[in-house]
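So the protein lines, in turn, are chains V and H.
The working numbering numbers the first residue of the first sequence as 1301 and each following residue consecutively.
The working numbering numbers the first residue of the second sequence as 211 and each following residue consecutively.
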Amino acid sequence: VDTRDTPEQAQLRRAAHRLTGELAPTSVADLDDGARSARLAAAVREAGWLELRDDGGDGGPLAGGVEAAIVAEALGASVADVAFTGPVLARDLARRAGAEPVDGAVVAFAPALDGPAEVGDTVTTAPTYAVDHGRDGYTAWALVPEGEGHRLGRVRTDAGRVAGGADLTRRVRELPTGTAVLAGGGQHLFLGRDELARWTALGLALTSADLLGAMRGVLDVTVAYAAERRQFGAPIGSFQAVQHLLAEARCLVEGSRSVSLHASWAVDELEPDDAVAAGRVAKAYCARAARTVCETAVQVHGGIGNTWDCIVHVFLRRALLSSQWFGDDGRQLLELQHRRLGVTDGLP
Amino acid sequence: MDFRDSRAEAELRARLRAWLADNNPGLPTSSTDDEYWARQAEWHTALYDAGFFGLSWPSRVGGHDLPAVFDAIVDDELAAAGAPPRPSLGYLVQGISTHGSEAIQQRFLPGLISGRERWCQGFSEPDAGSDLASLRTTAVRDGAEYVVDGHKIWTSYSDVADWCLLLARTDPDVPKHHGLSAFAVPMRQPGVVQRPLRMINGVTKEFGQVLFDHARVPAGNMIGEPGEGWRLAMTIVAHEREPGELGYVARYAKTVADLDRIVRERPSSFRDDQRAAVAWAHVQAEMLRLHVCRRLSERLDGVDHGPGGSVDKLLMTWVEQSVGHAALGIAGARSVTDDDVALRVYLYSRAQSVMGGTSQIQKNIVATRILGLPAG
């Protein structure tokens, strides 16, 4: 057991920190700067991060879940308005089914966003959602039930409606019922149960890492504000009532880091069901922690924290999407009860 | 980054698992039962003699010179077997080995680690709890000895201890933090009286108070230099707060496994919220297990006596209290109609946010020393 970064992982962490430091938004107004956001997207593409889970030549991914989570955390920490988790999940899913990666592709999710959409042979039978798609991607992978598993189908996303939604930094598109389902590209793309489980574990790990990042980022902003904002002739951060809120938040970040690291490692290293369970533990913890930490950030910012122009709500909103995506804490607890206690009540 | 066992770790795990199959004493959960405390020394020496305790401490004082992460494997296996946790005394070892001379270490660490000599820690006093540095117990030089007078409280294991690691004022004329020194005081002497404290869950064997009335300690039993007591105390409390040092992960995992078993046997007799509380307790206990793996891995870069232990203490407290709430929820009415073990688990969990420094003190430390916020 040695949970420290390898030198390569530490280097990736530094590189992701540097890149987001240069190009991620630092204010709400920055979100309207399309040129900056395009440069950020280009930089992420050029860094090769979207391909981390592509075929490394032996059927396995180029890089581990740990590396992908390092990038996801850095993007969450800087509320980076760039598609990453969405495209990486699509490429991971494609690799598992033996498909060539499709640039700009994402995955179509069920309306609860808690897992991939299951669709009919030729058309979708319920609305589906393309989550975290890029500026110009038009394809989403969807799952068509087949035998003991699924085959991959494709739905076009350009007909969809841009969903409003919480997150101001990532795109979600609603695809209406009846969207055409196309074959996966000529080949028969079958995805077995274990492959789908490992893919789910990756989704849980990356959304947990994004939450970890969002918590860390918003806490940094808030601690700096508390040290600077003065009332009663002193920085508000010198008052124990405020200090204790921030100290609790720091603890939640540390606990979240421990579960999130393990989930990202588990994706490739544990048996599929154990990898999913590790992801569910991480997601349950990180989703609860992130809501508390982001709410603390709003509170410590006071009135300003409740205004649109304060960046804090950008973190909170991002955390809301990452929490729902692959299931929120309540859903994870139900899934863990199923696995550990044999209880299926409340599960869809 | 690797959570998997190395070859040596896997070998230890297999050996411990095999040993536990024949040597699990099947004691009740620590913290809830006097039987546990009565047989704790026996468990300590058995674990030590079989080569599973003190793994990361130096071999010259009875340890095994292994990386600290091996302790995480011991916790895993103890929990999996439903065995008692390892004895919680790593913080005393850290204090004595960081501040004591070589002679002091050679004299005291082997007995402490092997369990042949029992120790308690005399820090808190009735009027010096969170404000530890204002303690009033005195040690006055008298020839080759010091004479100790004072009143210590919250002294774990005082009823069975051979030695007390005592913090006393040796110089009343300097600022309060600078006038303290630490001693290894023999407990079995006429000037020392021990009184048990009965905790809210009924346990009487864990905590005591100790009265020192002209007790005597050889001057050579001072640990560190005169006036070094506060720094030694801070080293100790930094580690007293660390779940990795305390081995509590195994205790929480064992309780959660017990709750799991109860629910699995008749799931429909529990409400959603009761089951969700058990699932959440599992998430929390698992978080702490992984957190300890991370903290002990960081020790491969060297042991840090800094404020990080306060973060870990707060996390551990939330875990223990989540487990306590889950246990209370599952017990339901039994917790008020019977002396159910869940009641005792719950009641004991309330102490976790007080012992070893209250949660409020830990938050002050995290805010000022980790987040760098200005002191109020």
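Ideal Cβ placement from N, Cα and C applies to all residues, glycine included.
State the DSSP-derived secondary structure class of residue i, mapped to helix, strand or coil.
i	result
ASP1467(V)	coil
MET1515(V)	helix
PRO320(H)	helix
TRP373(H)	strand
TYR1429(V)	strand
ASP352(H)	strand
PHE1490(V)	strand
PHE280(H)	helix
MET211(H)	coil
GLY1386(V)	helix
HIS1450(V)	strand
GLN331(H)	strand
ALA378(H)	strand
ASP423(H)	strand
PHE480(H)	coil
ALA1480(V)	strand
ALA1539(V)	What sits at residue 1539(V) in the sequence shown is Phe, not Ala. Coil, per DSSP.
MET444(H)	helix
SER391(H)	strand
LEU500(H)	helix
Rounded to the nearest angstrom, what separates residue i and residue j at their Cα positions?
i	j	result
GLY418(H)	ALA224(H)	38 Å
THR1424(V)	HIS1450(V)	15 Å
ALA536(H)	LEU1641(V)	14 Å
ASP372(H)	TRP329(H)	6 Å
TYR462(H)	ALA1505(V)	25 Å
MET565(H)	GLU1548(V)	18 Å
ASP1355(V)	TYR1585(V)	31 Å
LYS464(H)	GLU1595(V)	33 Å
SER307(H)	PRO294(H)	26 Å
PHE333(H)	PRO1325(V)	51 Å
GLY1398(V)	VAL1388(V)	15 Å
VAL1382(V)	GLY272(H)	55 Å
GLY1478(V)	SER563(H)	56 Å
THR255(H)	ILE1536(V)	52 Å
PRO1401(V)	ALA486(H)	40 Å
ARG1516(V)	LEU1621(V)	17 Å
ASP1333(V)	ALA1347(V)	21 Å
GLY519(H)	ARG227(H)	29 Å
ARG588(H)	LEU456(H)	There is no way to answer for residue 588(H), as the model of chain H reaches only from 211 to 586.
VAL546(H)	LEU553(H)	8 Å
Skipping 5 residues on each side, what residues in its chain have a beta carbon closer than 6 Å to that of residue i?
i	result
ALA1582(V)	SER1508, VAL1559, SER1560, ALA1563
ALA260(H)	TRP229
LEU1443(V)	PRO1416, GLU1418, HIS1450
Less than 7 Å between the beta carbons of residue i and residue j, yes or no?
i	j	result
CYS503(H)	THR1607(V)	no
ASP1432(V)	ARG1631(V)	no
ALA1394(V)	ALA1501(V)	no
TYR258(H)	HIS449(H)	no
PRO1587(V)	VAL1518(V)	First, the residue type needs correcting, since residue 1587(V) is Ala and not Pro in the sequence shown. Against a cut-off of 7 Å, the Cβ pair of VAL1518(V) and ALA1587(V) comes out as no contact.
LEU1482(V)	ARG1454(V)	yes
ALA1514(V)	ARG1591(V)	no
GLY542(H)	PHE1539(V)	no
PRO453(H)	VAL459(H)	yes
PRO378(H)	THR347(H)	First, the amino acid is wrong: residue 378(H) is Ala here, not Pro. Taking 7 Å as the Cβ cut-off, ALA378(H) and THR347(H) qualify as a contacting pair.
TRP267(H)	VAL303(H)	yes
GLU1366(V)	MET211(H)	The question names Glu, but residue 1366(V) is Val in the sequence shown. The answer is yes: Cβ separation under 7 Å.
ASP244(H)	VAL413(H)	yes
Only counting the same chain, and skipping five residues up and downstream in sequence, which positions put a Cβ closer than 7 Å to that of residue i?
i	result
LEU299(H)	LEU322, TRP329
ALA1344(V)	First, the amino acid is wrong: residue 1344(V) is Val here, not Ala. Excluding sequence neighbours, VAL1344(V) sits near LEU1350, VAL1382, PHE1384.
ASP1330(V)	ARG1336
PRO320(H)	VAL271, GLY272
ARG1493(V)	GLU1448, GLY1449
Taking 6 Å as the cut-off, does the CB of residue i come closer than this to any heavy atom belonging to the ligand HEM?
i	result
ALA1589(V)	No copy of the ligand HEM appears in this structure; indeed no ligand is present at all.
Quick one: residues in its chain with C-beta nearer than 8 Å to the C-beta of residue i, no 5 flanking neighbours on either side, listed in chain order?
i	result
TYR1429(V)	ALA1408, PHE1409, ALA1410, PRO1411, LEU1413, ALA1417, ALA1463, VAL1472, ARG1473, GLU1474, LEU1475
VAL1521(V)	ALA1597, ILE1611, VAL1612, PHE1615
ALA231(H)	ALA291
LEU1647(V)	LEU1634, GLU1635, HIS1638
Is there contact between the segment 272-285 of chain H and the segment 504-524 of chain H, where contact requires at least three CB pairs shorter than 8 Å?
Touching, per the Cβ criterion.
Would the segment 359-372 of chain H count as touching the segment 416-430 of chain H if we require 3 or more Cβ pairs under 8 Å?
yes
Decide yes or no for the touch test of the segment 487-499 of chain H against the segment 520-532 of chain H: beta carbon pairs closer than 8 Å, at least 3 of them.
yes
Stretch-stretch touch, CB-based, cutoff 8 Å, three pairs: the segment 1316-1334 of chain V with the segment 1362-1377 of chain V
yes
Inter-stretch contact at 8 Å, needing at least 3 Cβ pairs: the segment 280-290 of chain H / the segment 511-521 of chain H
no
Assess contact between the segment 435-444 of chain H and the segment 546-563 of chain H, defined as three or more Cβ pairs (one per stretch) separated by less than 8 Å. Is contact present?
Judged by Cβ distances under 8 Å, the segment 435-444 of chain H makes no contact with the segment 546-563 of chain H, as fewer than three pairs qualify.
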